[in-house]
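Here's the structure we're looking at; comments come further down.
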Amino acid sequence: MTTRAESTFTSENSETTPREWTGGSMARTRWLKEFSGDLEGTSVVEAIMLQVEPAPGGEAGAIYVGVERFECSLHGRKGSFLLTHNATSLGEETGGEWTIVPGSGRDELTGISGRGEIRPDHHFVLAYTLP
């Protein structure tokens, strides 16, 4: 059975390292987050962000890929897990996907699987299953 968890979060950029890249900009980033709601706890995100210069007459594109490690309580079950991120944008079009890394759950979250989404105003929704 899939369970839905909703939380809000605050985030703090703890590190951004620009990288040389022809055709746009690239940076490695590290974010610290704190969650409250059905998922309570903290996470660390390690990510790469790329902004592509637009072709003549085109629109700028961007991509973000990352891994987030949660130390949390999820509906009262304590443990940790990893979540992968990927998001893209081209002009006004955006898309993203957040997936729990299979086998990454520990302690009371062992065996967790599922997907998440980030909504406006730092609102996180996670649909997950646990054995």
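The numbers in our numbering rise by one with no breaks, and the one at position 31 of the sequence shown is 47. In this text, a Cβ means the ideal position worked out from N, Cα and C, and glycines have one as well.
Buried versus exposed, by CB contacts within 10 Å (16 or more), residue i
i	result
Gly95	buried
Ile128	buried
Glu84	buried
Ser23	buried
Gly132	buried
Gly82	buried
Ser120	buried
Separation of residue j from residue i, as counted between CA atoms
i	j	result
Arg20	Leu146	12 Å
Cys88	Ala76	37 Å
Gly151	Leu55	Residue 151 lies beyond the residue range present for the chain, which begins at 17 and ends at 147; the question has no answer from this structure.
Phe97	Thr18	17 Å
Lys49	Gly39	31 Å
Val117	Thr104	20 Å
Ser27	Leu125	23 Å
Arg44	Glu109	23 Å
Asp123	Phe86	12 Å
Gly107	Ser52	32 Å
Thr100	Leu142	13 Å
Ile134	Phe140	5 Å
Pro136	Gly130	20 Å
Gln67	Leu90	34 Å
Met65	Glu36	12 Å
Bridge partners - residue i, DSSP secondary structure assignment
i	result
Ala63	Thr45, Gly82
Ala143	Arg20, Arg131
Ala103	Tyr80, Gly112
Glu31	Arg46
Thr26	Glu50
- contact_flag[the segment 19-33, the segment 67-81] where n(CB pairs < 8 Å) is 3 or more: Short answer: they don't touch.
- Are at least three pairs of beta-carbons, each pair with one atom in the segment 109-129 and one in the segment 49-65, less than 8 Å apart? No, they do not touch.
- Item | Whole beta strand (DSSP E) elements within the segment 105-131, 3-residue minimum | If only uninterrupted beta strand (DSSP E) runs of at least 3 residues are considered, those enclosed by the segment 105-131 are 109-116.
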